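Novice: When the letters of the sequence shown are read in order and numbered with this note's numbering, they come out as residues 13 to 151. No residue lacks a Cβ here, since even glycine has one placed at the ideal position from N, Cα and C. As the structure is a computational prediction, the values presented were derived from the model and not from experiment.
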Amino acid sequence: DLGKIDNDEKLWQELAKSSNLPILILERLAKDEDYVVRKNIAKNSITPISILKQLVGDRSFSVRSTAAANPNISRSLMQKILLCKDSSASAGLAENPNTPTKILKQLAVDKAKYVRQKVAQHPYTPAKILVRLAKDENE
Numbered sequence: 013d014l015g016k017i018d019n020d021e022k023l024w025q026e027l028a029k030s031s032n033l034p035i036l037i038l039e040r041l042a043k044d045e046d047y048v049v050r051k052n053i054a055k056n057s058i059t060p061i062s063i064l065k066q067l068v069g070d071r072s073f074s075v076r077s078t079a080a081a082n083p084n085i086s087r088s089l090m091q092k093i094l095l096c097k098d099s100s101a102s103a104g105l106a107e108n109p110n111t112p113t114k115i116l117k118q119l120a121v122d123k124a125k126y127v128r129q130k131v132a133q134h135p136y137t138p139a140k141i142l143v144r145l146a147k148d149e150n151e
């Protein structure tokens with residue numbers, strides 16, 4: 013019964029984690045009403061940049077952050093995220109293992125404390141930035 017499948021949120025949430033999904037299914041799930049489904053698509057390593065670009069603008073802060081943290085996002089999309097000044101997406105960038113030092117430096121002065129904390133936790137944050145963050149008056 014397809015009606016039962018359509019209403020099975022847990023099934024869609026798990027399916028969104030699959031590394032064998034065709035692009036059409038990824039696109040459909042990226043628009044799902046359930047934010048957990050969209051978040052799992054944002055986290056999925058096979059999600060193409062076109063869908064990640066859509067998800068960094070999602071209505072859910074959790075989905076935006078997760079999409080920005082996906083290692084597959086492009087540098088140009090990283091720059092667009094910085095320009096939007098969306099702290100949720102910026103926090104995801106600060107967690108992204110591929111975020112370049114230049115962007116980490118910009119995130120280190122973000123107005124949101126939790127973004128700066130994520131920069132401090134990033135494994136590739138240069139010592140110079142860490143020293144500045146250690147002196148952050150807005151701990």
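Tell me whether the beta-carbon of ALA120 lies closer than 8 Å to the beta-carbon of ALA101.
Specialist: As a working mapping, residue 120 is identified with position 108 in the sequence shown. As a working mapping, residue 101 is identified with position 89 in the sequence shown. No. Outside cutoff.
Novice: Mapping DSSP to helix, strand and coil, what is LEU95?
Specialist: Working through the sequence shown from its first residue, we reach residue 95 at position 83. If DSSP states are grouped into helix, strand and coil, LEU95 belongs with the helices.
Novice: Going straight from the alpha carbon of GLN129 to that of GLU149, what length do you get?
Specialist: Translated into positions along the sequence shown, residue 129 becomes position 117. Translated into positions along the sequence shown, residue 149 becomes position 137. GLN129 and GLU149: Cα-Cα distance of roughly 12 Å.
Novice: In whole angstroms, what is the alpha-carbon distance linking LYS22 and LYS123?
Specialist: For the purposes of this step, residue 22 is identified with residue 10 of the sequence shown, where counting begins at 1. For the purposes of this step, residue 123 is identified with residue 111 of the sequence shown, where counting begins at 1. Distance between the alpha carbons of LYS22 and LYS123 is about 36 Å.
Novice: What's the call for ASP98, buried or exposed, on a 16-neighbour Cβ count within 10 Å?
Specialist: Locating residue 98 in the sequence shown gives position 86, counting from the first residue. The residue in question, ASP98, is buried, as its Cβ has 16 or more Cβ neighbours within 10 Å.
Novice: Pull up the CB-CB distance for ASN108 and PRO83, whole angstroms please, since I reckon it's below 8 Å.
Specialist: Taking the sequence shown and counting its residues from 1, the one referred to as residue 108 is at position 96. Taking the sequence shown and counting its residues from 1, the one referred to as residue 83 is at position 71. With 8 Å as the limit, ASN108 and PRO83 qualify as a contact, their Cβ atoms being about 6 Å apart.
Novice: Per DSSP, what kind of secondary structure is GLU45 in: helix, strand or coil?
Specialist: As a working mapping, residue 45 is identified with position 33 in the sequence shown. Reduced to three states, the DSSP call for GLU45 is coil.
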